[in-house]
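Colleague: Residue numbers (our numbering): -5 to 254.
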Ligand SMILES: Cc1cc2nc3c(=O)[nH]c(=O)nc-3n(C[C@H](O)[C@H](O)[C@H](O)COP(=O)(O)OP(=O)(O)OC[C@H]3O[C@@H](n4cnc5c(N)ncnc54)[C@H](O)[C@@H]3O)c2cc1C
């Protein structure tokens, strides 16, 4: 897939809003003097004006681009905690858009499969496809009802099927179970983002159904632009591919095997 690196300088932006959208999940909006470009699946590296601790920027999928950028942050450690606790007017340094992004379906249905915070790039994709009248089925899986940030935003725009592992909302079980039924009509493209094990399962179910599947991978990275080589993923033939510059979006078969 083509790589688009349109901007390699950190943009200074100002926090416009920090909204807690579920326990431990914040939707961070920031005003960009130079509009943030980018398409669904692309990501940004974010650094607060917090000095050197933590020194490395963190990667986040773009939820919304333009004059106001938006990312969804799950508080899992020091960098994400700092972002979740930012205030309106704080300075935020943003590098992007980085990576390649999803390739939109030509004519058929789009099946979006999200796991937890992996919903971020898929909400961006959904919001780009809705005005183009592409029919969308959105499958959203999480551990519990508390891990479904942006659920309300999705319900407003697409057919939504929810699964939770504890059954606290939607159908109890994994998101791959309803996916098998949805793919009985194979005239569609699957787009997925979430934990690695889920992505592999989604990729395999899609391949078994003969459906094209694009997965957005996450892999810890320090630079976001191919310098640190921290985000290497081993391909089925033993060679390396890099999530930041070759991805984060890959055709599932190229990562999980089965590529013709
Ligand atoms: C392309 C890309 C897009 C991403 N999009 C989002 C997003 O939209 N929203 C979001 O909340 N997070 C996203 N992430 C993950 C996010 O970058 C990490 O959660 C963040 O760097 C953690 O920083 P920290 O200092 O809070 O925690 P750390 O102390 O750095 O890590 C806390 C825990 O998370 C694990 N971890 C850290 N980074 C990753 C990673 N990239 N993948 C898997 N596990 C990791 C660590 O091993 C550790 O267990 C994305 C990552 C990538 C590579």
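C-beta atoms are modelled at their ideal positions from N, C-alpha and C, and glycine is treated no differently. From a predicted model like this one, the values you see are computed outputs, not experimental measurements.
Looking at residue 191 and residue 96, is the spacing between their C-beta atoms short of 9 Å?
Modeller: Residue 96 sits at position 102 when you count from the first residue of the chain shown. Residue 191 sits at position 197 when you count from the first residue of the chain shown. It is not a contact, given that the beta carbons lie outside the stated cut-off.
Colleague: Have a look at 245, 248, 247 and 227 and flag the residue whose alpha-carbon is nearest the alpha-carbon of residue 238.
Modeller: Sequence index remark: in the chain shown, residue 238 carries index 244 (1-based). Measuring from the Cα of residue 238, the nearest candidate turns out to be 227.
Colleague: Reducing DSSP to helix, strand and coil, say where residue 137 ends up.
Modeller: In the chain shown, the residue the question calls residue 137 occupies position 143. Note: residue 137 maps to coil in three-state DSSP.
Colleague: How about residue 34 and residue 116: do their beta carbons lie closer than 9 Å?
Modeller: Sequence index remark: in the chain shown, residue 34 carries index 40 (1-based). Sequence index remark: in the chain shown, residue 116 carries index 122 (1-based). Yes, Cβ-Cβ distance for residue 34 and residue 116 is below 9 Å.
Colleague: Using a Cβ-Cβ cutoff of less than 7 Å, which residues in the same chain neighbour residue 252 once the five nearest sequence positions on both sides are dropped?
Modeller: In the chain shown, counting from the first residue as 1, residue 252 sits at position 258. Excluding sequence neighbours, residue 252 sits near 201.
Colleague: Which residues share a DSSP beta bridge with residue 114?
Modeller: Within the chain shown, the letter at position 120 stands for residue 114. The partner list for residue 114 (beta bridge, DSSP) is empty, contrary to what the question assumes.
Colleague: So is residue 114 buried or exposed if we call it buried at 16+ other beta carbons inside 10 Å?
Modeller: Taking the chain shown and counting its residues from 1, one reaches residue 114 at position 120. Classification for residue 114: buried.
Colleague: Which class does residue 23 belong to by DSSP, given the choice of helix, strand or coil?
Modeller: For the purposes of this step, residue 23 is identified with residue 29 of the chain shown, where counting begins at 1. In the structure shown, residue 23 sits in a strand (DSSP, three-state: E or B).
Colleague: How many angstroms separate the CA atom of residue 65 from the CA atom of residue 235?
Modeller: Working through the chain shown from its first residue, we reach residue 65 at position 71. Working through the chain shown from its first residue, we reach residue 235 at position 241. C-alpha separation (whole angstroms): 25 Å.
Colleague: Short check: CB of residue 91 to CB of residue 37, under 9 Å?
Modeller: For this step, residue 91 is matched to residue 97 along the chain shown. For this step, residue 37 is matched to residue 43 along the chain shown. The answer is yes: Cβ separation under 9 Å.
Colleague: Among the candidates 22, 127 and 94, whose CA atom is the shortest distance from the CA of residue 83?
Modeller: The residue labelled residue 83 in the question sits at position 89 within the chain shown. Among 22, 127 and 94, the Cα nearest to that of residue 83 belongs to 22.
Colleague: If you run the structure through DSSP and keep just helix, strand and coil, what is residue 72?
Modeller: Residue 72 sits at position 78 when you count from the first residue of the chain shown. Note: residue 72 maps to helix in three-state DSSP.
Colleague: When we look at the beta-carbon of residue 137 and count the other beta-carbons within 10 Å, is it buried (16 or more) or exposed?
Modeller: The residue labelled residue 137 in the question sits at position 143 within the chain shown. Exposed, by the Cβ-count rule.
Colleague: Name the DSSP bridge partner or partners of residue 186?
Modeller: Position 192 of the chain shown, counting from 1, holds the residue named residue 186. According to DSSP, which records beta bridges pairwise, residue 186 is partnered with 107 and 209.
Colleague: Give the secondary structure of residue 170 by DSSP, where H, G and I count as helix, E and B as strand, and everything else as coil.
Modeller: For this step, residue 170 is matched to residue 176 along the chain shown. Correct three-state label for residue 170: helix.
Colleague: Pull the bridge partners of residue 58 from the DSSP assignment, please.
Modeller: Translated into positions along the chain shown, residue 58 becomes position 64. Residue 58 is bridged to 64.
Colleague: Is the region 158 to 168 touching the region 130 to 145, taking contact as three or more C-beta pairs under 8 Å?
Modeller: Yes, they touch.
Colleague: Note the first and the last residue of the continuous beta strand (DSSP E) segment covering residue 236.
Modeller: Numbered from its first residue, the chain shown carries residue 236 at position 242. Run containing residue 236: 234 to 236, per the beta strand (DSSP E) assignment.
Colleague: Would you report the Cα separation of residue 250 and residue 123, rounded to the nearest angstrom?
Modeller: Position 256 of the chain shown holds residue 250. Position 129 of the chain shown holds residue 123. Cα to Cα, residue 250 sits roughly 27 Å from residue 123.
Colleague: Determine which residues share a DSSP beta bridge with residue 41 and list them.
Modeller: Walking along the chain shown from the start, residue 41 turns up at place 47. The partner list for residue 41 (beta bridge, DSSP) reads 87.
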